[in-house]
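There are 2 protein chains.
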Amino acid sequence: MAVDKGYMSGSSTMLVLAILAEKPYYGYELIKTLKQRSNDTFDMKEGTLYPILHKLENDALVASSNQEVSGRVRKVYAITEKGSRALAKEKQEWNEFSMAVNQVLTFGVV
Amino acid sequence: MAVDKGYMSGSSTMLVLAILAEKPYYGYELIKTLKQRSNDTFDMKEGTLYPILHKLENDALVASSNQEVSGRVRKVYAITEKGSRALAKEKQEWNEFSMAVNQVLTFGVV
DNA sequence: TTGACATACCTAGAATAACGAGGTATAATA
DNA sequence: TATTATACCTCGTTATTCTAGGTATGTCAA
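Just so you know, the protein sequences line up as chains A and B, in that order. So for the first sequence, the working numbering puts the first residue at 1; every next one is plus one. So for the second sequence, the working numbering puts the first residue at 1001; every next one is plus one.
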């Protein structure tokens, strides 16, 4: 990660879901997209992503299918209805968390 | 934690330093202050705080001294010059990180 | 005065999450 | 043909937090 890896903890799953909320992606493509969207701040490793995708699929938050993309079969992941609901909840938690952090950091600052 | 514990990872140390940046605190007091400042979002456990304080002291980011506070000897922690510099850096990293998250979450949203 | 509760500091072990480093295979390109 | 990029995967290490305990003191009500 470009940022301290500790920060990533907990938000990785949400970030993956957020990317998939737009349209289906396959793993490798997802990493590149995440990197782009974050202006090179997030450089998620494959050793991080694939276990996350497998867990998401296991929990039925995403569904995978083998599809031919530009002449090659790839495992494409799509978000499910359940996944969309989970994402909405995680976004809410993230907002609560980040606001609380900013509140502590800016205490006393006018 | 009131929020998912995963989110805390990485920011706990920064939050402790941020509290100490205002004035010296002893451990127990610090937990209560953090909880107040965050509107009950952060409920840090003692098993989390004390190891953090010990590590911070070991790295010379804080300094401790036994002081009598309201008729009782307590271990009071104060931020050092080095600690202030570390806090400034961590704040910067936090800003970079949270902005990147928000950028990914709000992609395509007008 | 005695028992319960809050205060106050601490540690060991379990759980979780991300990473590094490796493996395997195919396609493109020089 | 050799190298690089693509593409998916797993295992073991490391880092961080929590749970659950231990110890001790002060306060307050029954």
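Glycine is no exception: its CB is placed at the ideal position from the N, C-alpha and C atoms.
In summary, the residues of the region 9-23 of chain A whose CB is separated from some CB of chain B by less than 8 Å are SER9, GLY10, SER11, MET14, LEU15, ALA18, ILE19 and GLU22, in the order they occur in the chain. In this structure, ASN1102(B) is the residue among ARG1037(B), VAL1110(B), VAL1109(B) and ASN1102(B) with its C-alpha nearest to the C-alpha of THR41(A). Under the 10 Å beta carbon count, ALA1018(B) is surrounded by 16 or more other beta carbons and is classified as buried.
Within the same chain, and ignoring the five residues on either side of PHE1097(B) in sequence, no residue has its Cβ closer than 7 Å to its Cβ.
The C-alpha of GLY1027(B) lies about 42 Å from the C-alpha of GLN36(A). Under a criterion of Cβ atoms nearer than 8 Å, the residues of chain B adjacent to LYS91(A) are, in order, LEU1105. DSSP lists ALA78(A) as the bridge partner or partners of ALA63(A). DSSP, reduced to helix, strand and coil, places VAL109(A) outside both helices and strands of the structure shown, so it counts as coil.
Nearest Cα to VAL3(A) within the set LYS1055(B), GLU1081(B) and GLY1010(B): GLY1010(B). With distances taken between CA atoms, VAL1073(B) lies nearest to SER1064(B) out of LEU1049(B), SER1064(B) and LYS1055(B). Looking at the DSSP output, ARG1072(B) sits in a beta bridge with VAL1069(B). Close CB contacts of THR1080(B) within its chain, under the 7 Å cut and outside five residues either way in sequence, are with ALA1060, LEU1061, VAL1062 and ALA1063 (chain order).
When C-alpha distances from THR48(A) are compared across LEU15(A), GLY83(A), GLY108(A) and LYS89(A), the shortest belongs to LEU15(A). A distance of 7 Å or more separates the beta carbons of LEU1105(B) and ALA1021(B).
In the DSSP assignment, GLY27(A) falls within the alpha helix (DSSP H) that extends over 27-37.
Nothing from the region 66-79 of chain A brings a Cβ to less than 9 Å from some Cβ of chain B. About 5 Å separates the beta carbons of PRO24(A) and VAL76(A), which is inside the 8 Å limit, making them a contact pair.
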